[in-house]
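If you read the sequence shown in the numbering used here, its first letter stands for residue 91, the second for the next number, and so on.
Yeah, the Cβ is synthetic: ideal placement off N, Cα and C, and Gly gets one too.
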Amino acid sequence: MPTSNLTQIQYTQLDTTTWCVTAQVSESISHLVTGILWNKSLWLSSCNTSCKDIIKLNSLNWYYQVATAAPRHLVPALARKQRQQQRQGVRQLLQELLKKLEIDDTLDESSFPYRLINSQYYVCFSHTGASSSKQTTESNQTNFTHLHSKIAVVISRQRPAGIDIETHNIAWHVVKRFYSKSELAILQELSTDQRERTAKLLWQIKESFIKVKQYTLAQGLGMDYSHLIPSLIGNNREINASSVLNDSEDTDYQSVYRIATLQSQQTVIVF
């Protein structure tokens with residue numbers, strides 16, 4: 091299986107049964123665009139260049155132009171490529187974490203939540219949305235050089251854990267659509283910087299709990315975590331979220347979750 095280019099790998103032990111790792115996965119897309127644009131009809135339609143002119147192109151200039159200029163109609167193909175990159179990257183990152191912990195095991199992807207076959211550890215993945223090094227030109231082209239994604243993995247011995255890595259703030263119109271009235275009331279009283287930071291952390295908490303409890307997206311994003319906002323504003327690294335998902339007063343192990351906010355890694359873990 092081909093390997094991804096993983097950089098900026100950071101390992102974190104959250105407690106005696108839970109570990110996570112984050113990294114960046116990137117790939118040059120020149121070979122992908124070259125393969126797509128080699129088709130003469132695509133090349134002619136995107137660049138309006140004659141066959142005679144193509145033959146005259148110096149080979150060095152050809153590869154430079156292909157590597158840096160991708161017509162916009164190729165963007166969906168690049169997005170598919172990035173999704174494949176992310177899928178491969180998180181699984182490779184899991185192997186890096188298992189190697190670090192000296193665990194010899196294999197991922198079972200037959201059902202959610204994912205688990206390791208032998209040890210039965212729980213596994214959860216996260217990655218950022220589609221992004222790239224790009225620059226839009228006045229022509230109908232977008233300049234690309236590399237596809238980049240931030241990726242994250244958490245494994246937990248005792249029970250499912252959730253993880254979410256985000257590099258961008260959550261748009262306010264999205265916040266207003268999904269967040270509870272209680273959350274919105276508190277967020278609207280904050281300064282712009284505090285509101286953006288806190289709304290993003292709340293989003294990551296919601297996403298992580300969705301993965302823990304296998305909620306639907308709408309159900310999970312609509313959960314009310316307004317009681318966590320004071321702790322998020324206080325910039326605590328870890329928040330004790332007792333009975334966040336339960337109406338009962340039972341505070342046994344299964345109803346108490348901790349939330350780690352790894353600021354430098356732009357990552358939130360529920361475990």
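Between the C-alpha atoms of residue i and residue j, what's the straight-line distance to the nearest angstrom?
i: Gln225; j: Gln175; result: The pLDDT assigned to Gln225 is 39, lower than 50, so where the model puts this residue is not dependable; a value taken from the coordinates is nonetheless given after this. Taking the straight line joining both Cα atoms gives about 21 Å.
i: Phe268; j: Trp262; result: 10 Å
i: Arg287; j: Val264; result: 14 Å
i: Lys296; j: Gln248; result: 21 Å
i: His317; j: Ala289; result: 13 Å
i: Glu279; j: Lys266; result: 14 Å
i: Thr112; j: Gln98; result: 8 Å
i: Arg173; j: Val165; result: 12 Å
i: Lys171; j: Ser94; result: 12 Å
i: Thr106; j: Phe361; result: 12 Å
i: Leu168; j: Ser116; result: 13 Å
i: Leu96; j: Thr351; result: 22 Å
i: Asp314; j: Tyr204; result: 26 Å
i: Arg285; j: Leu277; result: 5 Å
i: Asp283; j: Ser209; result: 43 Å
i: Leu402; j: Tyr347; result: Because the chain is modelled from 91 through 361, residue 402 falls outside the range shown and cannot be assessed.
i: Trp133; j: Val302; result: Residue confidence for Trp133 is low, a pLDDT of 44 falling below 50, so the modelled location carries little weight; the figure read from the coordinates is stated next. Each residue's Cα considered, the two are about 47 Å apart.
i: Pro320; j: Ser272; result: 13 Å
i: Leu311; j: Asp198; result: 27 Å
What three-state label does DSSP hand residue i in the structure shown?
i: Asp340; result: The pLDDT assigned to Asp340 is 45, lower than 50, so where the model puts this residue is not dependable, and the model offers no usable value.
i: Phe215; result: strand
i: Arg267; result: helix
i: Ala169; result: helix
i: His238; result: strand
i: Ile144; result: Confidence at Ile144 is low in this model, with a pLDDT of 41, below 50, so its placement is unreliable and the value that follows should be read with caution. Looking at Ile144 - three-state DSSP - the assignment turns out to be helix.
i: Gln231; result: At Gln231 the pLDDT is 45, less than 50, meaning the model places this residue with poor confidence; the figure from the coordinates comes in the next sentence. DSSP places Gln231 in strand when its eight states are reduced to three.
i: Arg247; result: coil
i: Ala289; result: helix
i: Ala275; result: helix
i: Ser354; result: helix
i: Ser298; result: helix
i: Glu117; result: strand
Out of the options, state which residue places its alpha-carbon closest to the alpha-carbon of residue i.
i: Ser246; options: Thr351, Gln100, Leu188; result: Leu188
i: Gly179; options: Ser200, Phe202, Gln114, Arg170; result: Gln114
i: His217; options: Glu199, Ala242, Leu206; result: Ala242
i: Lys240; options: His258, Lys271, Gly252, Ala251; result: His258
i: Arg177; options: Tyr101, Gly219, Asp195, Tyr211; result: Gly219
i: Gln353; options: Ile260, Tyr212, Pro320, Leu291; result: Leu291
i: Glu186; options: Leu274, Ser298, Thr102, Ile300; result: Thr102
Under DSSP, the alpha helix (DSSP H) around residue i begins and ends at which residues?
i: Gly310; result: 307–311
i: Leu280; result: Element bounds for Leu280: n/a, residue is neither H nor E.
i: Leu191; result: Careful: Leu191 lies outside any alpha helix (DSSP H) and carries neither H nor E.
Just checking my contact of residue i with residue j at CB under 8 Å: how many whole Å lie between their CB atoms?
i: Gln356; j: Glu256; result: 6 Å
i: Phe202; j: Gln304; result: 6 Å
i: Leu206; j: Thr196; result: 7 Å
i: Ile253; j: Ile359; result: 5 Å
i: Val213; j: Cys110; result: About 11 Å; that fails the 8 Å criterion.
How far does the beta strand (DSSP E) with residue i in it extend, from its first residue to its last?
i: Ile359; result: 357–360
i: Leu104; result: 95–105
i: Ile319; result: It is not in any beta strand (DSSP E) - Ile319 instead sits in the alpha helix (DSSP H) that spans 319–323.
i: Ile207; result: Careful: Ile207 lies outside any beta strand (DSSP E) and carries neither H nor E.
i: Ile260; result: Unbroken run through Ile260: none, as it is neither H nor E.
i: Asp254; result: 252–255
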